[in-house]
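See structure below.
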Amino acid sequence: QSLCAKNEDLTERFKICYPEGLREYEYIPNFVVRGLHYDVQRALLMKIDAFHYIQLGTVYRGLHPVPDKEVIAMYDGCHVPLENMSDFYGKSSHGHTMKQYMDIFSLPEMNLLCSVNDYFMKHNIDYEPVHLYKDVKEAIGDVHVKGIMYRAVENYISYGEQTHAVLKKLYEDGKKMFLITNSPFDFVDRGMNYIVGKDWRDLFDIVIVQADKPGFFNDRRKPFRRVTDKGVLHWDRIHKLEKGKIYKQGNLYEFLRLTGWRGSKVLYFGDHIYSDLADLTLKHGWRTGAIIPELRKEIKIMNTEECVHLMTWLQGLTGLIEHMQVHRDPASQAVVQEWIKEREAMRSQTKDIFNGQFGSLFRTYHNPTYFSRRLSRFADIYMASLSCLLNYDFHHTFFPRRTPLQHESPFWPEQTSAGALKMPFIPPQNHN
């Protein structure tokens, strides 16, 4: 799909003549991954780990990587200070120079930014990166405001054949289900008819549209308003949220008062870690589940023979280096240095098998990504699709795994890689 349509949106909205040459750029489906950070002022896209360190080799200006030395010079190292990171909701605001792209919709936005930056650099066009960022952001927003996606939902929504099955199973098990979405009812109705069926409203006890999340979870001022299927708004005060009716806006505090659904009795699913899950976890104590479609691909890659071999040998090689570095004689040190070079090459290989530019959504080499950190903080469970619940009885309890701390050893067999090279404990050498 050509990016020329987005260029036309930019031109129409801002009366700016963006270059015709942008029409030549095609959308690259596997170029970016979710969770990346964009330095708005430097026009750089990059992956950052859970500890605010840039993963070298994953910094891109346009469609091309930036040399590591240049990255280190620009940032005076690899660490990004907290005050420069995105705000609580991943946005670039209030002095924050980084924007984090967290949802599925951000993939084409990152592609468009990279393509336009690439064109400007290729043609030596002097431009202000902040203006470009804002123009692209508002042009992407127009896709939602103008309802372009709503006209042909089947082109933009993946059909989930098991979605109806899992919702029906929950309904038949007596679970109370509700839907809170930022989308207007027309789009929701078309989309749910397509992926669930015409009886979708029978499965939900409460439907709330145009909720304005995450504001919905924090702003007490907006009352609920009933809206008809045709979009006609009612003016009467809402004393009860009734099944079969559609409600607009509102706020979570009023929702809790009217339903009595509180705390850990509620399990709320969403696909945006910040807008959907953060406030519910931190402020209201709800249980949360994140939908991460990329898990299917990541798990499939992890189970390949190539990946298992790489990870097993990488762990073993790291253990060898760690234990053998105590030998300071030149011959031993030469071998250790060769192992270190081999380890660095293997780390790059493990990145590339997930995505040639940015690697895994969940890891920056051995550390979790910033995305993973936010995910583990705001989601109790996560899965590729809601239909994954069909694999479990609804009385099943998910227990958190005990992850070894740095000073602990793994206690259970599943915490060690199958077939991994187990390093024996080497006692300190007596060199007297």
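FYI, in the working numbering the residues of the sequence shown are 911 to 1342.
Idealized CB from N, CA, C, for every residue including glycine.
Q.
Can you tell me which residues form a DSSP beta bridge with K1047?
A. The count along the sequence shown starts at 1 and reaches residue 1047 at position 137. Answer is none; K1047 lacks a bridge partner.
**Q.** Distance, I1209 Cα to V1293 Cα
**A.** Start at 1 with the first residue of the sequence shown, and residue 1293 comes out as number 383. Start at 1 with the first residue of the sequence shown, and residue 1209 comes out as number 299. Per the sequence presented here, residue 1293 reads as Met, with Val not at that position. Between M1293 and I1209, the C-alpha separation is close to 11 Å.
Q | Best match in V950, D949 and A960 for proximity to R1287 [C-alpha to C-alpha] | A | Your numbering for residue 1287 matches position 377 in the sequence shown. The residue among V950, D949 and A960 with its C-alpha nearest the C-alpha of R1287 is A960.
(Q) Assuming T894 and K957 are in contact, meaning their beta carbons sit under 8 Å apart, how far apart are those beta carbons, in whole angstroms? (A) No statement about residue 894 is possible, as the shown extent of the chain runs from 911 to 1342 and does not include it.
Q: Specify the secondary structure class of K1210 as computed by DSSP and reduced to three states.
A: One-based indexing of the sequence shown puts residue 1210 at position 300. Correct three-state label for K1210: helix.
**Q.** Residues that R1136 bridges to, as DSSP identifies them
**A.** If you number the sequence shown from 1, residue 1136 lands on position 226. Per DSSP, Y1157.
Q: Check each candidate in V1176, A1188, G972 and E1019 and name the one with the smallest Cα separation from K1044.
A: By one-based count along the sequence shown, residue 1044 stands at place 134. Looking at the Cα atoms, E1019 is the closest of the given residues.
Q | Beta-carbon proximity check, R1284 vs Y1178, cutoff 9 Å | A | Numbered from 1 along the sequence shown, position 374 holds the residue referred to as residue 1284. Numbered from 1 along the sequence shown, position 268 holds the residue referred to as residue 1178. Cβ distance not < 9 Å, so R1284 and Y1178 don't count as in contact.
Q. For I1263, which option in D1099, N1213, V976 and Q1225 has the closest C-alpha, if you only look at C-alpha atoms?
A. On the sequence shown, position 353 is the one that residue 1263 refers to. Ranking D1099, N1213, V976 and Q1225 by Cα distance to I1263 puts N1213 first.
Q) Does the Cβ of D949 have 16 or more other Cβ atoms within 10 Å, making it buried, or fewer, making it exposed? A) Counted from its first residue, the sequence shown places residue 949 at position 39. Burial call: buried.
Q: Could you pull the start and end residues of the beta strand (DSSP E) that H1276 belongs to?
A: Mapped onto the sequence shown, residue 1276 falls at position 366. That residue, H1276, is in no beta strand (DSSP E); it is neither H nor E in DSSP.
Q | Straight-line gap, V910 to C988 (C-alpha atoms, nearest Å) | A | Residue 910 lies beyond the stretch modelled for the chain, which goes from 911 to 1342, so this question has no answer here.
Q | F1097 classed as buried or exposed, judged by whether at least 16 other C-beta atoms fall within 10 angstroms | A | Working through the sequence shown from its first residue, we reach residue 1097 at position 187. Result: buried.
Q | Reduced DSSP category for K1175 - H, G, I as helix; E, B as strand; rest coil | A | Along the sequence shown, read from residue 1 onward, the residue named residue 1175 stands at position 265. Note: K1175 maps to helix in three-state DSSP.
Q: Name the residue from M1031, P1094 and Q1072 whose alpha carbon lies nearest to the alpha carbon of R1061.
A: For the purposes of this step, residue 1061 is identified with residue 151 of the sequence shown, where counting begins at 1. Of the candidates M1031, P1094 and Q1072, the one whose C-alpha sits nearest the C-alpha of R1061 is P1094.
Q | Alpha-carbon to alpha-carbon, R1135 and Y1104 | A | As a first step, residue 1104 is located in the sequence shown; it is residue number 194 there, counting from the start. As a first step, residue 1135 is located in the sequence shown; it is residue number 225 there, counting from the start. Cα to Cα, Y1104 sits roughly 26 Å from R1135.
Q: Please determine, among Q1243, I1250, T1073 and P977, the residue with the shortest C-alpha to C-alpha distance to G1226.
A: By 1-based counting over the sequence shown, the position of residue 1226 is 316. That would be I1250, whose Cα lies nearest to the Cα of G1226.
Q: Can you say whether W1110 is buried or exposed, counting buried as having 16 or more other CB atoms within 10 angstroms of its CB?
A: For the purposes of this step, residue 1110 is identified with residue 200 of the sequence shown, where counting begins at 1. Label assigned to W1110: buried.
Q: State the CB to CB distance for the pair L1220 and Q1072, rounded to an integer number of angstroms; the pair is presumed to be in contact (CB under 8 Å).
A: Along the sequence shown, one-based indexing puts residue 1220 at 310. Along the sequence shown, one-based indexing puts residue 1072 at 162. 33 Å between Cβ atoms; not a contact.
Q: Leaving aside the five residues before and after Y1037 along the sequence, list all residues of the same chain whose C-beta is less than 6 Å from its C-beta, in chain order.
A: If you number the sequence shown from 1, residue 1037 lands on position 127. The beta carbon of Y1037 is closer than 6 Å to those of F1030 in its chain, skipping five residues each way along the sequence.
Q) Per DSSP, which one or two residues make a beta bridge with K1009? A) On the sequence shown, position 99 is the one that residue 1009 refers to. Answer is Y948.
Q. Who are the near neighbours of L1166 in its chain, counting only those whose CB is closer than 7 Å to its CB and skipping five residues on each side?
A. Taking the first residue of the sequence shown as position 1, residue 1166 is located at position 256. Result list for L1166: R1172, in chain order.
**Q.** Three-state class that DSSP yields for G967 in the structure shown
**A.** Translated into the one-based positions of the sequence shown, residue 967 becomes position 57. Residue state, collapsed to three classes: coil.
Q) What runs of the beta strand (DSSP E), each 3 residues or longer, lie entirely inside the stretch 1054 to 1098? A) 1088 to 1090
(Q) If you reduce the DSSP assignment to three classes, tell me which class H974 lands in. (A) Here residue 974 refers to the residue found at position 64 of the sequence shown. Reduced to three states, the DSSP call for H974 is strand.
Q. Residue range of the beta strand (DSSP E) that G987 falls in?
A. To locate residue 987, count along the sequence shown from 1; it is residue 77. Counting along the chain, G987 falls outside any beta strand (DSSP E), and DSSP gives it neither H nor E.
**Q.** Extent of the continuous beta strand (DSSP E) run through R1197
**A.** Against the sequence shown, residue 1197 aligns to sequence position 287. Following the DSSP letters along the chain, one finds R1197 inside the beta strand (DSSP E) bounded by residues R1197 to I1201.
Q) Using DSSP with H/G/I as helix, E/B as strand and the rest coil, what is D1303? A) As a working mapping, residue 1303 is identified with position 393 in the sequence shown. It is coil, neither helix nor strand.
Q.
Here's the rule I'm using: 16 or more other beta-carbon atoms within 10 Å means buried, otherwise exposed. How should A1289 be labelled?
A. One-based indexing of the sequence shown puts residue 1289 at position 379. With 16 or more other Cβ atoms within 10 Å, it is buried.
Q) For C1024, does the count of other Cβ atoms within 10 angstroms reach 16, so buried, or fall short, so exposed? A) Residue mapping note: residue 1024 aligns to position 114 of the sequence shown, counting from 1. C1024 is buried by the Cβ-count criterion.
Q) Between G1170 and D1146, what straight-line distance do the alpha-carbon atoms span, to the nearest angstrom? A) As a working note, residue 1170 is residue 260 in the sequence shown. As a working note, residue 1146 is residue 236 in the sequence shown. If you draw a straight line from the Cα of G1170 to the Cα of D1146, it is about 22 Å long.
Q: Give the C-beta separation of I1118 and G1160 to the nearest angstrom, bearing in mind that I take them to be a contact with Cβ-Cβ under 8 Å.
A: Position 208 of the sequence shown holds residue 1118. Position 250 of the sequence shown holds residue 1160. Right, the Cβ-Cβ distance comes to about 6 Å (below 8 Å), so this counts as a contact.
Q: May I ask you to list the residues that DSSP assigns as paired with L1271?
A: As a working mapping, residue 1271 is identified with position 361 in the sequence shown. Per DSSP, none; premise fails for L1271.
Q. Can you tell which of V1218, L1022, V1245 and P1240 has its C-alpha closest to the C-alpha of I1231?
A. Within the sequence shown, the letter at position 321 stands for residue 1231. Nearest option by C-alpha distance: V1245.
Q) Just checking my contact of F1268 with V943 at CB under 8 Å: how many whole Å lie between their CB atoms? A) Taking the sequence shown and counting its residues from 1, one reaches residue 1268 at position 358. Taking the sequence shown and counting its residues from 1, one reaches residue 943 at position 33. At roughly 5 Å, the Cβ-Cβ gap stays under 8 Å, so F1268 and V943 are in contact.
Q: Using beta-carbon positions only, say whether P991 and H947 come within less than 9 Å of one another.
A: Start at 1 with the first residue of the sequence shown, and residue 991 comes out as number 81. Start at 1 with the first residue of the sequence shown, and residue 947 comes out as number 37. Contact annotation: P991 and H947 have beta-carbon atoms that are not nearer than 9 Å.
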